[in-house]
Amino acid sequence: MKDDHLLGNTNELVSDYLRRTERSRALHDRFSRVMPGGQTRTIVHFDPYPVVLVGGEGPVVRDVDGHEYVDVLNNYTSLVHGHRHPEIAEAVCRALVSGTAFPAPHLSQLELAEMLCARYPAAEQVRFTNSGSEATLLALRIARLATGRPVVVAFEGGYHGSVPELADGGTDLVRVRYNDVEAVESALGPSVAAVIVEPFLGSGGVVPAAPGFLEALRARAAAVGALFILDEVQALRNSFDGMHGSLALSPDLVLVGKIVGGGFPVGGVLGRAELLAYTDSRHPHALSHSGTFNGNVVTTTAGVVSLRMLDAGAIKRLNERAGVLAEDIESAAARAGVPAVVSRVGSILQVHLAGEYPTAAANAGPVEGRALAAVHLALLLEGVYASPRGMLNLSTAMTDEHLGRVTSGYERAFARMRDVVPESVAAGGIR
Ligand SMILES: Cc1ncc(COP(=O)(O)O)c(C=O)c1O
Numbered sequence: 000m001k002d003d004h005l006l007g008n009t010n011e012l013v014s015d016y017l018r019r020t021e022r023s024r025a026l027h028d029r030f031s032r033v034m035p036g037g038q039t040r041t042i043v044h045f046d047p048y049p050v051v052l053v054g055g056e057g058p059v060v061r062d063v064d065g066h067e068y069v070d071v072l073n074n075y076t077s078l079v080h081g082h083r084h085p086e087i088a089e090a091v092c093r094a095l096v097s098g099t100a101f102p103a104p105h106l107s108q109l110e111l112a113e114m115l116c117a118r119y120p121a122a123e124q125v126r127f128t129n130s131g132s133e134a135t136l137l138a139l140r141i142a143r144l145a146t147g148r149p150v151v152v153a154f155e156g157g158y159h160g161s162v163p164e165l166a167d168g169g170t171d172l173v174r175v176r177y178n179d180v181e182a183v184e185s186a187l188g189p190s191v192a193a194v195i196v197e198p199f200l201g202s203g204g205v206v207p208a209a210p211g212f213l214e215a216l217r218a219r220a221a222a223v224g225a226l227f228i229l230d231e232v233q234a235l236r237n238s239f240d241g242m243h244g245s246l247a248l249s250p251d252l253v254l255v256g257k258i259v260g261g262g263f264p265v266g267g268v269l270g271r272a273e274l275l276a277y278t279d280s281r282h283p284h285a286l287s288h289s290g291t292f293n294g295n296v297v298t299t300t301a302g303v304v305s306l307r308m309l310d311a312g313a314i315k316r317l318n319e320r321a322g323v324l325a326e327d328i329e330s331a332a333a334r335a336g337v338p339a340v341v342s343r344v345g346s347i348l349q350v351h352l353a354g355e356y357p358t359a360a361a362n363a364g365p366v367e368g369r370a371l372a373a374v375h376l377a378l379l380l381e382g383v384y385a386s387p388r389g390m391l392n393l394s395t396a397m398t399d400e401h402l403g404r405v406t407s408g409y410e411r412a413f414a415r416m417r418d419v420v421p422e423s424v425a426a427g428g429i430r
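Numbering of the sequence shown is given in numbering that gives the first Met the number 0, commencing with residue 0 and proceeding in unit increments.
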């Protein structure tokens, strides 16, 4: 265990956490012997160490130390119906009996593909992958092949998965500021194969697109002959026909993931048949695109049930309740005397320990970073499982009682944060 973590080992918040999570702490040492940092997913790490989760049901998760948490993370927005929803669990159990993966087309694959094509206006056809990251990789290959051009334009704070070029930078990658139409106009020229963009910055701080921004981007891409790739891996849960449907955008390709697999590993590229045709083995310039588990039975079965339950009414309710939660958390912050705003797109929210809503990538500075870490740890002590960076989202499994627990958890967490990181309050917001 590191001693130099954000909050130091000596403050009361950390001591309470250490005392409460002794089994997780012992297991963390054991995990760390065989897995770097004791985890296998960067985002899971926080100091001093994460709790080890052993179960989840509906809107709650339980840790190995016997504590229960209201889950407002939902495996980073993918579990839109919470944990092991009975209808999904039942369908998956039935599927297990008849075999889980075949090197052949199978019927639940067809059912999910037909459902996606019926529901999402941009989807003339679909190609499945195992993750959103793989969907990004495939879309970039298609874009470069279709246009014969090298450059990809993406956005500061945009996240499209563990894709080397986008995660680590590359010579053919240009990043511009989100919501900056002028920057887009100058970046999009004749060598650009594609622009890849989220309908709102998700991991970048739940920053909504400014009115007209995505439309301008779409128009500029068309004008220079570049593909417009809309990454709806996170956003899809927010509208029945995708954010591209509700905004009447017509992307060439749409990346999907998370909710489409009903809680199991998934990704996919939807879009124009003419472009998806590059993955058709009969195409004269076909890409080789395989994946042992692409469109496997478990994922596609769960995806069909999950999407069916996520109808327009369910999405409306989620979004409305998320709006109420955002207001409640802001009021809780005000009562605790902490400067905070909550940005929201659909049912995904982000708490910013700042005085203003961000309009571009929201990178927490060192003081806000420490304050967010304090709030996160305090929330865990209050029985609320949110993300270390302050993102939260709703599942259809949550009741008003769960939401009430989240709000009161935040209020107490804000009060404790104020004691641990007083300079964040003195600054009247940190950014
Ligand atoms: C917008 C966006 N695109 C792509 C990805 C990558 O998806 P995966 O984690 O399934 O590889 C994510 C994951 O968080 C995402 O939020």
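Note that beta-carbon positions come from the ideal geometry of N, C-alpha and C, so glycine has one too.
- About 5 Å separates the beta carbons of Leu248 and Arg217, which is inside the 8 Å limit, making them a contact pair.
- At a Cβ-Cβ threshold of 8 Å, Val71 and Asp62 do not count as neighbours.
- Rounded to the nearest whole angstrom, the C-alpha separation of Thr398 and Leu165 is 38 Å.
- A direct Cα-to-Cα measurement between Ala360 and Arg334 gives close to 28 Å.
- For Arg61, the enclosing beta strand (DSSP E) covers residues Val59 to Asp62.
- Placement of the Cβ of Asp167 at a distance of 7 Å or more from every heavy atom of ligand 1 is found.
- Assignment of Met397 by DSSP, reduced to helix, strand and coil, places it in the coil class.
- Nearest to Ile314 by alpha-carbon distance, out of Ala112, Leu137, Asn74 and Ala396, is Ala396.
- DSSP lists no bridge partner for Pro189.
- The beta carbon of Val125 sits closer than 6 Å to those of Ala112, Leu115, Gly267 and Leu269, all from its chain and outside the five residues before and after it, given in chain order.
- Residue pairing by DSSP places Leu226 opposite Ala193 in a beta bridge.
- Contact between Glu197 and Asp230 holds: CB atoms are separated by about 5 Å, below the 8 Å threshold.
- Taking the Cβ of His44 as the reference point, every heavy atom of ligand 1 lies at 7 Å or farther away.
- Looking at the backbone, the Cα of Leu95 and that of Val297 are separated by about 7 Å.
- Sorting Ser23, Leu309 and Pro387 by C-alpha distance to the C-alpha of Gln349 places Pro387 at the top.
- Under the three-state reduction of DSSP, Gln233 is assigned to coil, being neither helix nor strand.
- Nearest in C-alpha terms to Gly203, of all of His401, Gly389, Gly403 and Gly260, is Gly389.
- A straight line joining the alpha-carbon of Pro47 with that of His351 spans about 22 Å.
- A distance below 8 Å between beta-carbons, with the five flanking residues on each side excluded, links Val303 to the following residues of its chain, in chain order: Ala90, Ser107, Glu110, Leu111, Met114 and Gly261.
- In the structure shown, the three-state DSSP call for His82 is strand.
- The bridge partners DSSP lists for Ile347 are Val344 and Asn392.
- Using a cutoff of 7 Å, the CB of Ser342 does not count as near ligand 1, since none of the ligand's heavy atoms is closer than that.
- With 16 or more other CB atoms across the displayed protein chains lying within 10 angstroms of its CB, Val191 is buried.
- Comparing C-alpha distances from Leu378 to each of Phe413, Thr76, Ser280 and Gly54 shows the shortest one belongs to Phe413.
- Within the stretch 302-338, the complete alpha helix (DSSP H) runs of at least 4 residues fall at 311-335.
- Leu269 has Val125 and Val253 as its beta-bridge partners, per DSSP.
- In the three-state reduction of the DSSP assignment, Pro35 falls in the helix class.
- Under the criterion of beta carbons closer than 8 Å, Leu274 and Ala145 qualify as touching, at roughly 6 Å.
- Cβ-Cβ distances below 7 Å link Met416 to Val337, Ala370, Ala373, Val374 and Ala377 in the same chain, with the five nearest sequence neighbours on each side left out; the list follows chain order.
- Between Ile347 and Leu309, the CB-CB gap reaches or exceeds 8 Å.
- In terms of side-chain proximity, the C-beta atom of Val232 is found nearer than 7 Å to a non-hydrogen atom of ligand 1.
- The three-state reading of DSSP puts Asp15 in helix, counting H, G and I together.
- In this structure Asn178 does not touch Thr300 by the C-beta definition: roughly 39 Å separates them, more than the 8 Å allowed.
- Counting C-beta atoms within 10 angstroms of its own C-beta, Asp251 has 16 or more neighbours from the protein chains shown and is therefore classed as buried.
- Unbroken beta strand (DSSP E) runs of no fewer than 3 residues, entirely contained in the stretch 152-179, are found at 172-175, following chain order.
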